[in-house]
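Peer 1: Start counting the sequence shown at 1; every next residue gets the next number (the UniProt record's numbering).
Every residue gets a Cβ at the ideal spot worked out from N, C-alpha and C, and that includes glycine.
All values reported here derive from a predicted model rather than from experimental measurement.
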Amino acid sequence: MCNLSNFYYIMEELDLIVESVKQDMDSAIKHLDHAFQKIRAGRASTTMVQDVMVEYYGAPTPINQVANVSVPDAMTISIQPWDRTAIGAIEKAIINSNLGFAPSNNGENIILNVPPLTEERRRELAKQAKAETEDTKIVVRNARQNGLKELKKLDGVSEDLIKNIEADIQVLTDKYVKLCDDHLKVKEAEIMKV
1 MCNLSNFYYI
11 MEELDLIVES
21 VKQDMDSAIK
31 HLDHAFQKIR
41 AGRASTTMVQ
51 DVMVEYYGAP
61 TPINQVANVS
71 VPDAMTISIQ
81 PWDRTAIGAI
91 EKAIINSNLG
101 FAPSNNGENI
111 ILNVPPLTEE
121 RRRELAKQAK
131 AETEDTKIVV
141 RNARQNGLKE
151 LKKLDGVSED
161 LIKNIEADIQ
171 VLTDKYVKLC
181 DDHLKVKEAE
191 IMKV
């Protein structure tokens, strides 16, 4: 009876390791998607400015908490602050965020014109997307390494069982690396589309 409970304990530990690796890899893909949202593909989108932090009453505040951000057309982002005194702080935050926008305001709204992408800029953005993808692959491989280290820490587990779990982790790794490549292909096509 004691052996059986030990077996279940070991199997549960192995499942937890694999699940932890899978969660880390899922997080890496979510991070990649978020990074890709910030890489603009020629069309205006509210996600382009979602990470801009505005110094509002002495505290860094996300732009969407101090203003209404909208996209009136494919080449314009409109930012309407709820408090008109925040216009200067929002403009400063946009300029400091290095997004490449020159904000203009009419006293009530801030307008960001999204210029059409040049061929050179498209290539730069494609390189940026590729770099994000490579970083994500590194995170996926690190998750694999961490899982393998956890496996080695377990005592009383047969070598065959360890090899099977290592193979499962490698299958997961291959799947997530391919997923990174698939996401990159879609993003590159979006960026290069004129």
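Assuming the contact rule is C-beta atoms closer than 8 Å, I77 and A67 should be a hit. Round their C-beta distance to whole Å, please.
Peer 2: Reading the sequence shown from its first residue, position 77 is the one you call residue 77. Reading the sequence shown from its first residue, position 67 is the one you call residue 67. I77 to A67, Cβ: 11 Å. No contact.
Peer 1: Straight-line CA distance for N6 to K38?
Peer 2: The count along the sequence shown starts at 1 and reaches residue 6 at position 6. The count along the sequence shown starts at 1 and reaches residue 38 at position 38. Whole-angstrom Cα-Cα distance: 49 Å.
Peer 1: For F36, which residues in the same chain have their Cβ closer than 6 Å to its Cβ, ignoring the five residues on either side in sequence?
Peer 2: Position 36 of the sequence shown, counted from the first residue, corresponds to residue 36. Correct list, in chain order: K187.
Peer 1: Nearest by alpha-carbon distance to P115: which of E13, M192, R43 is it?
Peer 2: Counting from 1 along the sequence shown, the entry for residue 115 is found at position 115. Among E13, M192, R43, the Cα nearest to that of P115 is on R43.
Peer 1: Please name the residue or residues paired with Y56 in a DSSP beta bridge.
Peer 2: For this step, residue 56 is matched to residue 56 along the sequence shown. Beta-bridge pairing links Y56 to A59.
Peer 1: For the structure I just gave you, are there three or more beta carbon pairs, one from the segment 27-36 and one from the segment 149-167, closer than 8 Å?
Peer 2: Touching, no, given that fewer than three Cβ pairs across the two stretches are closer than 8 Å.
Peer 1: Note down the Cα distance separating A189 from G156, rounded to an integer number of angstroms.
Peer 2: On the sequence shown, position 189 is the one that residue 189 refers to. On the sequence shown, position 156 is the one that residue 156 refers to. Roughly 50 Å separates the two Cα atoms.
Peer 1: Leaving out the 5 sequence neighbours to the left and right, which residues in its chain are closer than 6 Å to T47 when beta-carbon positions are compared?
Peer 2: As a working note, residue 47 is residue 47 in the sequence shown. Around T47: Q37.
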